[in-house]
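To start, the structure itself, in structure tokens.
Numbering (full-length UniProt numbering), first residue to last: 1 to 90.
And the structure:
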């Protein structure tokens, strides 16, 4: 039933999973492409609006969105449709 504590908890679980998945993707990106990047210094630079930190975020998000696109079967004139598999409502 909406409005009950149990319903409230259920609705909060999904965004937490999305955040964890996005953070795990960020950590994989950092380990694969930016090993020299100090995580604490990066977040401080991002808060200071440093252009290099913003560039790292933009690159990560571009790769994240590109990796989330999947082909699926479609009913209609096209056999397959490409759609984004990971909604980005983090």
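Idealized CB from N, CA, C, for every residue including glycine.
Please read these numbers as outputs of a predicted model, since none were measured by experiment.
Residue interval of the alpha helix (DSSP H) (run including residue i)
| i | result |
| --- | --- |
| residue 79 | That residue, residue 79, is in no alpha helix (DSSP H); it is neither H nor E in DSSP. |
| residue 45 | 39-47 |
Run of the beta strand (DSSP E) containing residue i, from where it starts to where it stops
| i | result |
| --- | --- |
| residue 73 | 69-73 |
Cβ-Cβ distance between residue i and residue j below 9 Å
| i | j | result |
| --- | --- | --- |
| residue 72 | residue 81 | yes |
| residue 25 | residue 55 | no |
Supposed close pair residue i, residue j - CB separation, criterion 8 Å
| i | j | result |
| --- | --- | --- |
| residue 70 | residue 52 | Residue 70 to residue 52, Cβ: 32 Å. No contact. |
Does the stretch 54-66 come into contact with the stretch 27-40, if we say contact requires no fewer than three beta-carbon pairs (one atom in each stretch) closer than 8 Å? yes
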